[in-house]
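What follows is one structure encoded as structure tokens, with my remarks underneath.
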Amino acid sequence: MFPEVKAAGHTTRSTPRPHIVYQFKVDKDGSGVAYSIEKRYSEFLALHSELGIKEFSLPPKRLLVTTFLPWAWADDALITERKAGLANYLANLLKVPQYRHNPAVQAFIGPSLESLSRPPLEFELEDALPSTLSRKTAEDLLELAAATASGPIAAAYYPTWATETNPPSKIDYSKFDILFVAFGIPNSSNGITLDAGTPTMLRTLVAGAKSSGKGTKIVLSVGGWTGSGLFHQIAGSSSNRSKFVANLAALVSEYNLDGASATVPWALSHFNQGIDLDWEYPNSAGSGNPYGSSDSANFLTLLKALRASLGPSKIISATTTDLPWLGSNGSPLKDVSAYANELTMNYDINGSSWSAAPGPNAPLSNACGTSSQPSYTAKAAFKQWTAAGAPASKLLLGLPLYGYVYHSSKTTLAEFAEPTESVDDPLSVPAEPANEKEGQIRGSNRRIAIPEDAEPAADSGEPVEIELPEAAVLPDGLIEPQPEVKMEPEPQTNEEDVSVETTANLSKWWGQAIPFNSLVASGALVKNSSGSYVAGPGYTLVQDQCSDTPFLYSKTQTTVVCYDDTHSLADKAAYALSSGMAGCFTWSLDQDDGVTLQNAIRQALGKST
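At position 246 of the sequence shown (counting the first as 1) the number is 246 in the UniProt record's numbering, and the numbers step up by one without a gap.
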């Protein structure tokens, strides 16, 4: 006998927004013994897509139309059509042996009431009650659905100090799905302080993005390495959280932003514009900030309040290090599934102002097995966050468009000396730091803010003296040097006559971060006629196989530059794509050589350039 399916009714649930759940009686073997299951229309859509069914179809998508009529009578018409259509679909599915015995189908019709009764983690427009959505909300969600179908995200941070060299009018919006404007700074009134020119810039940027027709979303990033000092205070009080959320929501509305970012990312592809919260970091000192054991729990409460205020169509993201935030016990959280979209910063793993010897800024992996900090690579970060419950599809991988300049005679790379963490437990905690300042350094993947006046003059090839923010100025002598990594291919030395050509003098960059375009402008790195970047006169270019990153060295200049180029960035972007991540973001667009690096990233993500 054939299985039987009967529509038994429907119900509605209110979390995260009002939606419909359909009820069915399923007799799997025609024995007369039936049990109840509850399913949303979106779950049928997912199953249909997974099985690739061609023989029969689902009831049509009625909400995803160009005109949306939020009238109550539409609820009854939709429910009646779907109830009968879904029951018929499921009955037909169970009549075909290859589908009936498929594990996905067996799981779908299983009577696990606990899993069936849980509300969806994300709101799906096709599950909505038409009468509960305004035309504006529906249009926003429709726009979001279209953006989601566009594929991986290629995003970038846009620092407010870069507007003179990279004004909104010069941005090629076709290269960026999201621009994170950095930064708004939390203040003691539970509000957000913007630089003097930022309000005008935001309006111009939003207008430019919308008029471009490229679908670029503009998100305000709040906090940052030196701007996270008040997050502990704000998140720790219900009153402070409420005021902060209200001020963020008002800011999003005033400037017509697509979202806000606390520099903690998650499922960005499912939202419109919004806020990025960049708390560096919950329950960790970061740049000498106040912190406490309840930070991570309070942060989750803050994010939930922000989502409730902004609604489902705005981006809410948060920035992280390679390891999940620390919980109340001081260990990395083992379950982060309740948080928001996440942006994982895999850079500043080594730096010339705190590492004893040259090391990769943003390693893809620990390919040689010799790293003293194996938890701090792109591949390790992915493993650690997904092991803690973060969906891969809600993670963006951070990529640096800058490097670090070392005063060193080394010709190979060594790793940042740090007590080795257990390889068996990716969420293990590093040994206690030797002192408080070293603790502030460890794992702090800082986005270094390079002011526009750090750019070298095009005619001189030399950088000017600059003052970097505290993030880049760290005490020396904290770290014991490590053995050098010896595995690399034959170095590529520029064949020009170095006695005739002038060797770039990067001594003023020693101990500092250098933007990729400044490295090119200095002459230490040269773009040849084929579009590839090669070593400038007097420098040797080496590809470090252990980290999959390049570095330059000059023995005569006693200089080593660890950086990323088109190849290393493309490899990391390709890894993000193959791992099912949502995409990549860069720090920061003003440090690119035009859009050369962004194009390499986009191409690796399978996007147009």
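The beta-carbon is built from N, C-alpha and C at its ideal position, and this holds for glycine as well.
Ordered along the chain, which non-local residues of its own chain (more than five positions away) have a Cβ less than 6 angstroms from that of residue i?
| i | result |
| --- | --- |
| S532 | none |
| D548 | L364, S568, D571 |
| A305 | R241, V245 |
| S554 | G538, Y539 |
| K28 | P3 |
| G286 | S228, E280 |
To the nearest angstrom, how far is the alpha carbon of residue i from that of residue j?
| i | j | result |
| --- | --- | --- |
| G403 | A513 | 6 angstroms |
| E114 | E280 | Low local confidence applies: a pLDDT of 39 at E114 is under 50, so the model's placement there is unreliable, and no value is given. |
| N190 | G274 | 18 angstroms |
| L251 | N517 | 33 angstroms |
| P426 | L333 | Because the pLDDT at P426 is just 37, under 50, the model does not fix this residue reliably, and the value given afterwards should be weighed accordingly. Looking at the two C-alpha atoms, the distance is approximately 11 angstroms. |
| K410 | V245 | 50 angstroms |
| A367 | N346 | 16 angstroms |
| V264 | P360 | Bear in mind that a pLDDT of 34 at V264, under 50, signals an unreliable position, so the number given afterwards is only what the model happens to contain. Roughly 24 angstroms separates the two Cα atoms. |
| T320 | K210 | 29 angstroms |
| S237 | P290 | 14 angstroms |
| F183 | F24 | 51 angstroms |
| S253 | N247 | 10 angstroms |
| A104 | L86 | 17 angstroms |
| G213 | K175 | 12 angstroms |
| T596 | S530 | 13 angstroms |
| E43 | G151 | 21 angstroms |
| residue 675 | T502 | With the chain running from 1 to 609 in the structure shown, residue 675 is simply not present. |
| S309 | K243 | 11 angstroms |
| A392 | A582 | 7 angstroms |
| A390 | R100 | 31 angstroms |
| R602 | A573 | 8 angstroms |
| G9 | I53 | 26 angstroms |
What would DSSP say about residue i, mapped onto helix, strand or coil?
| i | result |
| --- | --- |
| K572 | helix |
| F382 | helix |
| N176 | Checking the displayed sequence, the identity of residue 176 turns out to be Phe instead of Asn. In this structure, F176 counts as coil in the three-state DSSP scheme. |
| H101 | coil |
| K54 | coil |
| residue 619 | There is simply no residue 619 to check, as the chain begins at 1 and stops at 609 in what is shown. |
| S547 | coil |
| V560 | strand |
| P168 | helix |
| G531 | coil |
| G583 | strand |
| Q373 | coil |
| T502 | coil |
| E462 | In this predicted model, E462 has a pLDDT of only 40, less than 50, meaning its place in the structure is not dependable enough to derive any value. |
| V96 | coil |
| G330 | coil |
| G184 | strand |
| S221 | strand |
| L589 | helix |
| K243 | helix |
| G85 | helix |
Does residue i pass the burial test, meaning 16 or more other C-beta atoms within 10 Å, or should it be called exposed?
| i | result |
| --- | --- |
| G398 | buried |
| Q98 | exposed |
| E38 | buried |
| K6 | exposed |
| A604 | buried |
| P186 | buried |
| F585 | buried |
| Y35 | exposed |
| S353 | buried |
| E50 | exposed |
| A156 | buried |
| A388 | buried |
| Q373 | buried |
Determine whether the beta carbon atoms of residue i and residue j lie at a separation below 8 angstroms.
| i | j | result |
| --- | --- | --- |
| V219 | D258 | yes |
| P59 | R82 | yes |
| A380 | D322 | yes |
| S522 | L401 | no |
| I153 | D177 | yes |
| T301 | R241 | yes |
| P358 | S408 | yes |
| F180 | A235 | no |
| L506 | V405 | yes |
| Y563 | A378 | no |
| A524 | V561 | yes |
Just to confirm my understanding: we take residue i, look at its own chain, exclude 5 residues before and 5 after, and list those with CB closer than 7 angstroms. What are they?
| i | result |
| --- | --- |
| S169 | G208 |
Less than 8 angstroms between C-beta atoms, sequence neighbours within five positions excluded: which residues of the same chain meet that for residue i?
| i | result |
| --- | --- |
| E55 | N92, V96 |
| K607 | G151, P152, A154 |
| T558 | H407, S408, S409 |
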